[in-house]
Each structure stands twice: as C-alpha cells, then as structure tokens.
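So the sequence shown is residues -21 to -1, 1 to 122, counted in mature numbering (1 follows the signal peptide of the UniProt record, and there is no 0).
Backbone N, C-alpha and C fix where the C-beta goes; we use that ideal spot for every residue, glycine too.
What follows is one structure encoded as structure tokens, with my remarks underneath.
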Amino acid sequence: MKKIAIVLVLILSLISCSSNDKSKASAVSDYYGKWTLVKISGNKINAETTGSKMEWQENYVFNTDGTFVKTRVADNTTTTSSGTFVIEKKDNTVGFALTHKESSPIIGNCMGDLSEFLSINEDNLLQSSWQMCDGPGLLYKKS
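Right, dumping it as structure tokens:
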C-alpha cells in the first residue's frame, strides 16, 4: 500500500511541475502586442503609484518582426522611441534586450546608452531592470 501511495505522489508531482512549465511557456509565446505601465515604485517604503496617479503613462508595443515602439505621455507631452529587440532566455526567465534607434529621454537603463532590458516576472508582468541602479521600478501588464 505504501508503494502505491509513493507512486501516486510522484505522478502528482510530475504533473504539477508540467503544468507550471506550460503556463510559463504560454506567457512567453504571447508577448507580442501592447504592454502598459501599471505601477511605478521608488526606493522608499510604500513609494508606489498606480493608474492616473503615476508621474507618467507609458507603453511598449512589441511587433512580430522584432521591432518595438515605446511611448510615454508626461505633462501633456507624448514622446516616442523605437528600435529592435531580441529575446534572451536564462534560468527559466525570459528577457527582452531592446536597442533604441537614437537617444531619447525615455530610455530607462543604468548605462546611459541606447539599450533597455525587460524581463517577465513570476506574475507574468514585464519588469524593467532600471531599478537595479536606483531608477524607478516599472511594471507593465499585457493589454
């Protein structure tokens, strides 16, 4: 009887692991389209804003041809930047390495160059790496 119980536990473990892998795979294959900024967080405790209270509104549109467009609306001014991206997969994490065509004030990174890096977190939100160097924490949701 104990052997049957052990076998059932092993089978259930394998099934549950498989379903987690499938959900991550579907999130990865469904990244094309528009991602809208839903939360800005700062380095201080409880320094988070969402919705219309955010300092700016922003989105990325990822196209199937490997191009993207980033749009930010702040103080009734719309700023747009575009470029190309590649997908990077590391240790069960999917990231997007973006290269903008030209310098823009809406490029959020630590290096001051034309690149940005975004990754899909465990909640299937797109997360900017800018916070790693004291920039704001930016989370985007697929629209």
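Return the CA-CA distance between Thr57 and Asn38, expressed in angstroms with no decimal places.
Counted from its first residue, the sequence shown places residue 57 at position 78. Counted from its first residue, the sequence shown places residue 38 at position 59. Distance between the alpha carbons of Thr57 and Asn38 is about 11 Å.
Under 7 Å Cβ to Cβ from Thr29, same chain only, skipping five residues before and after it: list those, please.
Counting from one through the sequence shown, the residue named residue 29 turns up at place 50. Its chain contains Val17, Lys18 as the residues whose beta carbon lies nearer than 7 Å to that of Thr29, once the 5 sequence neighbours on both sides are disregarded; these appear in chain order.
Restricting to runs no shorter than 3 residues, where is the beta strand (DSSP E) found entirely within the stretch 67 to 117?
The stretch 67 to 117 contains these whole beta strand (DSSP E) runs: 72 to 79, 94 to 99, 105 to 107.
Please look up how many angstroms separate the CB atoms of Ser60 and Ser83, rounded, as I've assumed it's under 8 Å.
The residue given as residue 60 occupies position 81 in the sequence shown. The residue given as residue 83 occupies position 104 in the sequence shown. 4 Å between Cβ atoms; contact.
Within 10 angstroms of the Cβ of Gly62, are there 16 or more other Cβ atoms? Answer buried if so, exposed if not.
As a first step, residue 62 must be located in the sequence shown, where it is residue number 83. Within a 10 Å sphere around the beta-carbon of Gly62 sit 16 or more other beta-carbons, which makes this residue buried.
Among Gln106, Leu105, Ile99, Lys32, nearest to Val52 - alpha-carbon criterion
Translated into positions along the sequence shown, residue 52 becomes position 73. For the residues Gln106, Leu105, Ile99, Lys32, the minimum Cα distance to Val52 belongs to Lys32.
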